[in-house]
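Trainee: Dropping a structure here in structure tokens format, bear with me for questions.
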Amino acid sequence: AQSVTQLGSHVSVSEGALVLLRCNYSSSVPPYLFWYVQYPNQGLQLLLKYTSAATLVKGINGFEAEFKKSETSFHLTKPSAHMSDAAEYFCAVSDPGGGSYIPTFGRGTSLIVHP
Amino acid sequence: NAGVTQTPKFRILKIGQSMTLQCTQDMNHNYMYWYRQDPGMGLKLIYYSVGAGITDKGEVPNGYNVSRSTTEDFPLRLELAAPSQTSVYFCASLPDSGEYGYTFGSGTRLTVV
Chain Z
5 AQSVTQLGSH VSVSEGALVL LRCNYSSSVP PYLFWYVQYP NQGLQLLLKY TSAATLVKGI
65 NGFEAEFKKS ETSFHLTKPS AHMSDAAEYF CAVSDPGGGS YIPTFGRGTS LIVHP
Chain A
11 NAGVTQTPKF RILKIGQSMT LQCTQDMNHN YMYWYRQDPG MGLKLIYYSV GAGITDKGEV
71 PNGYNVSRST TEDFPLRLEL AAPSQTSVYF CASLPDSGEY GYTFGSGTRL TVV
């Protein structure tokens, strides 16, 4: 069984400030981990993924995430927030050996960026 | 390359009506999925398919049906629409490995009145 917890349904930052969105997971096997972004009235878009290679993963739009096995975490960061980063962010975990590859999604964190 | 295409984008149904949400992908992906998204509740899996002719239930299948006659198409059928089915519906697809992550469609916003 696997689960995902995203701490904070809303995170508010000022433009230019550090963005930190938290994701903790539980999995009985080494997982695949994903972050997706959803802009208003759009579908989800893959931001970045961890699939057992480098633990620090870089994604689109300046985002990165670090896989920390000891902490069972995959937090998403960006050094400097931009107004265009305002969106809903979803963390997801899946079992690499799962035949249907169905991930478990967190409930999402809404990122609010103030001018 | 269109990716995953969903139609319609918006629809209002009356209680008891039926409709089909269309989903087509042009990436030759075998795995396809239907989710519904409700505010603050994340994504809930309705049905999925691992290839043409093979479908299976997800977490919330009641009130829905699917078929998969071709690799490209995975329509979702709502029979006897109810207000509880008011939601945003997303279709997603995956190549033959979970490491790539989903490609999502842009969604269908359905309101049942």
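Residue numbers (my numbering), protein chains in the order written: chain Z, 5 to 119; chain A, 11 to 123.
Backbone N, C-alpha and C fix where the C-beta goes; we use that ideal spot for every residue, glycine too.
The structure displayed is predicted, hence computed values, not measured ones.
Against chain A, does P1 of chain Z count as a neighbour if the rule is that its beta carbon must be under 8 Å from one of theirs?
Mentor: Summary: the structure shown does not reach residue 1 of chain Z, with chain Z confined to residues 5 through 119, and so no result is reported for it.
Trainee: Using a Cβ-Cβ cutoff of 8 Å, what residues of the region 46-67 of chain Z are near chain A? List them in chain order.
Mentor: So the list reads Q46, G47, L48, Q49, L50, K53, T55, given in the order they occur along the chain.
Trainee: With Q46 of chain A as the anchor, note down where its beta strand (DSSP E) starts and where it stops.
Mentor: On the second sequence, residue 46 of chain A is found 36 positions in, with the first residue counted as 1. According to the sequence shown, residue 46 of chain A is Arg rather than Gln. Element bounds for R46 of chain A: 41-47.
Trainee: Inspect the beta-carbon positions of Y36 of chain Z and G52 of chain A and report whether they are closer than 8 Å.
Mentor: As a first step, residue 36 of chain Z must be located in the first sequence, where it is residue number 32. As a first step, residue 52 of chain A must be located in the second sequence, where it is residue number 42. No. Outside cutoff.
Trainee: Under the DSSP definition of a beta bridge, which residues are partnered with A129 of chain A?
Mentor: Outside the shown range of chain A, which is 11 to 123, sits residue 129 of chain A, and nothing can be said about it.
Trainee: Kindly list, in the order they appear in chain A, the residues whose Cβ is closer than 9 Å to that of Y43 of chain Z.
Mentor: For the purposes of this step, residue 43 of chain Z is identified with residue 39 of the first sequence, where counting begins at 1. Within 9 Å Cβ-Cβ: nothing; Y43 of chain Z doesn't reach chain A, min ~10 Å.
Trainee: Under DSSP, the beta strand (DSSP E) around G50 of chain A begins and ends at which residues?
Mentor: Translated into positions along the second sequence, residue 50 of chain A becomes position 40. Where G50 of chain A is concerned, there is no enclosing beta strand (DSSP E), given that its DSSP letter is neither H nor E.
Trainee: With distances taken Cα to Cα, identify the nearest neighbour of S103 of chain A among A:R21, A:S59, A:S94, A:T30.
Mentor: By 1-based counting over the second sequence, the position of residue 103 of chain A is 93. Here the closest residue by C-alpha is A:S59.
Trainee: How about the region 75-89 of chain A and the region 78-95 of chain Z: do they share at least three Cβ pairs that are nearer than 8 Å?
Mentor: Touching, no, given that fewer than three Cβ pairs across the two stretches are closer than 8 Å.
Trainee: Only counting the same chain, and skipping five residues up and downstream in sequence, which positions put a Cβ closer than 7 Å to that of L51 of chain Z?
Mentor: Here residue 51 of chain Z refers to the residue found at position 47 of the first sequence. Answer for L51 of chain Z: W39, Y40, V41, G63, I64, F67, listed in chain order.
Trainee: Report yes if the CB atom of T15 of chain A is closer than 8 Å to the CB atom of T34 of chain A, and no otherwise.
Mentor: Within the second sequence, numbered from 1, the residue matching residue 15 of chain A stands at position 5. Within the second sequence, numbered from 1, the residue matching residue 34 of chain A stands at position 24. Yes.
Trainee: Using the rule of at least 16 other Cβ atoms within 10 Å of the residue's Cβ for burial, across every protein chain shown, is M42 of chain A buried or exposed?
Mentor: Here residue 42 of chain A refers to the residue found at position 32 of the second sequence. Burial call: buried.
Trainee: How long is the line joining the alpha carbons of L11 of chain Z and I56 of chain A, rounded to whole angstroms?
Mentor: Along the first sequence, one-based indexing puts residue 11 of chain Z at 7. Along the second sequence, one-based indexing puts residue 56 of chain A at 46. C-alpha separation (whole angstroms): 25 Å.
Trainee: Let me confirm a value: A5 of chain Z is counted as buried when at least 16 other C-beta atoms fall within 10 Å, else exposed. Which label applies?
Mentor: Here residue 5 of chain Z refers to the residue found at position 1 of the first sequence. Exposed, by the Cβ-count rule.
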